[in-house]
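What follows is a set of notes on a single structure, which appears directly below.
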Amino acid sequence: MDHAQATTRLEAVLAANPRDDGAWSMLGHLLRRAGKLDGAIACHRRGLEFAPENASIWSNLGNALVEAGRFDEALAAHEEALRLDPAASTFLFNNAVALRKAGRFRETLAMIERTVAGGTVTPELRWERALARLQIGDYVHGFTDYEARRGLATYHGRPPSERAWNGGPLDGRTLFLFTEQGFGDAILAARYMPLVRERGGRVLYECHPELHRVLSGLGADAVLQPGSPPPAFDVEASQMSLPGLFATTLASIPPPVPLTIPESSREKAAHRLGAREPGTLRVGIVWSGRVTFADNGRRATSLRRFLRFAEVPGVRLYSLQKGPPEAELADSGVAGHLVTPLGPDLEDFADTAAVLEQLDLVIMTDSSVAHLAGSLGKPVWNLVQHVPYWIYGFSGDRTPWYPTMRLFRQGPDQDWEPVFARAANALREEVRRTTGR
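Each residue of the sequence shown is one higher than the last, beginning at 1 in the UniProt record's numbering.
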């Protein structure tokens with residue numbers, strides 16, 4: 001039964017009996033899956049009018065409130081579900097997810113341990129524990145749990161294999177190093193290739209076409225297209241398993257790997273940007289990552305917020321934005337005037353890297369370009385959501401993964417306005433420092 005059919009059936013049930021609490025909650029669940037969160041929340045609350053002691057509805061309400069970013073209300077709903085049924089593993093898990101997304105990581109781990117004590121250890125539970133542990137810098141235990149991702153129903157990478165590499169010496173054997181997740185993750189994990197090469201084997205390296213040129217200096221014996229059948233190999237590993245395989249701690253994070261930028265890309269970038277304007281700061285901007293990324297709605301924002309940086313005297317803005325959000329630039333009426341659109345000229349990450357070399361600073365919301373700029377050692381100001389990608393931790397304005405990156409964090413209110421206000425003030429200070437204006 002598809003979404004429309006299920007919705008129609010539930011609407012018929014409610015027409016016959018408007019006090020059917022289970023039907024209200026099921027309709028709320030369907031609306032949440034469709035991204036219609038306001039309607040989902042209202043349906044769950046309507047169900048609770050008729051069954052205030054129904055723990056499942058309280059937990060479902062909490063889930064919808066979490067996705068809406070209403071964390072205080074969500075946690076209150078989950079607490080009520082657990083008051084009514086303290087031992088239910090599903091309610092304990094849902095509460096742990098809510099606590100993690102609210103940024104309350106110690107409480108998340110305590111809730112997970114409470115669940116484990118009840119005899120429940122699933123890939124989903126271990127994955128939540130991994131994210132919480134990594135966020136607080138517990139890499140020793142976090143990377144062990146991180147492998148649970150390959151047991152998730154939502155995992156679309158290669159399934160676990162009997163030929164999994166344990167990180168030990170290869171002694172001439174062939175390692176298939178496959179990619180997963182996004183472009184930024186591939187750039188992040190590329191720093192481990194020198195360590196892989198030291199293990200003395202032959203490496204088959206799976207690489208997105210968009211990254212072929214910029215990662216062409218990694219020393220792989222063969223570069224493969226994602227999804228194509230690999231040649232014969234002895235052992236395999238995900239690139240995102242390398243931090244764990246090399247027992248990475250906060251004190252032992254390898255530096256970013258040197259990237260390859262072809263001269264043709266450099267020449268194209270120099271021609272497109274032209275001669276430098278004396279006394280000005282060239283600032284690249286990116287306001288959205290890939291729209292297909294599940295959490296992009298939280299980590300991204302709009303071009304409109306970035307236009308305040310054009311108000312700073314001595315600043316010239318250059319858009320590195322790609323994908324559907326690039327259309328915001330044409331719609332804004334400022335393209336070519338306040339913001340120079342470079343996206344159409346960027347055919348791959350090597351082209352983007354060449355442009356980054358020509359810029360003084362990049363200000364952006366988190367996406368693959370942040371990893372690229374950080375790997376190049378360029379100053380990059382990353383404006384991150386309240387609970388960001390785990391490499392950024394949860395406090396401070398720096399990350400050990402990219403020494404030239406400065407973090408501007410949302411607060412618990414998830415409001416972008418103070419983040420951009422701080423960044424604009426910092427930009428004015430940067431102009432004064434570098435140009436004397």
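Heads up, the beta-carbon is just placed ideally off N, CA and C, and yes, glycines get one too. Model, not experiment: these values are computed from the prediction.
- Taking the CA atoms as reference points, ALA330 sits about 42 Å from ALA96.
- Runs of the beta strand (DSSP E) lying entirely within the stretch 182 to 269 and spanning at least 3 residues, in chain order: 202 to 206, 222 to 224, 235 to 238.
- Residue range 281 to 286 is occupied by the beta strand (DSSP E) that includes VAL283.
- Taken through DSSP and simplified to helix, strand or coil, VAL334 comes out as coil.
- When only Cα atoms are considered, GLU11 and ASN94 end up about 27 Å apart.
- Annotation for TYR318: GLY284, THR340, LEU342 place their beta carbon closer than 6 Å to its own, counting only its chain and skipping 5 residues before and after.
- The beta carbon of ALA424 sits closer than 7 Å to the beta carbons of ARG308, PHE309, VAL312 from its chain, once the five residues preceding and following it are set aside; these are given in chain order.
- Counting only runs of at least 4 residues, the stretch 292 to 369 fully encloses the following alpha helix (DSSP H) elements, listed from N- to C-terminal order: 296 to 299, 303 to 306, 327 to 332, 349 to 358.
- Straight-line spacing of the CA atoms in SER228 and GLY28 works out to 41 Å.
- The residues THR174, LEU175, PHE176, LEU204, in chain order, have a CB closer than 7 Å to that of PHE233 in the same chain once the five nearest residues on each side in sequence are set aside.
- Between ALA23 and the set LEU99, THR301, PHE50, the nearest pair of CA atoms involves PHE50.
- Selection LEU92, GLN225, ARG299, VAL66 evaluated against ARG114 yields LEU92 as nearest (Cα-Cα).
- Distance from the CA of HIS141 to the CA of ASP351, rounded to the nearest whole angstrom, comes to 38 Å.
- Looking only at ALA153, ALA102, GLY103, the smallest Cα-Cα distance to PRO123 is reached by ALA153.
- For the pair GLY314 and GLY279, the CB atoms are nearer than the 9 Å cut-off.
- When secondary structure is reduced to three states using DSSP, ASN63 falls in the helix class.
- Counting along the chain, ARG406 sits inside the beta strand (DSSP E) bounded by residues 405 to 409.
- In the structure shown, VAL384 falls within a strand segment according to DSSP collapsed to helix, strand and coil.
- Taken through DSSP and simplified to helix, strand or coil, PHE178 comes out as strand.
- A contact is defined here as three or more CB-CB pairs under 8 Å, and the stretch 126 to 146 meets this definition with respect to the stretch 390 to 403.
- Pairwise C-beta distances place the stretch 61 to 78 in contact with the stretch 35 to 52, as three or more of them are shorter than 8 Å.
- A Cβ-Cβ separation of about 7 Å places LEU361 in contact with GLU430 under the 8 Å criterion.
- Across the structure, ILE253 and PRO403 are spaced so that their CA atoms are roughly 11 Å apart.
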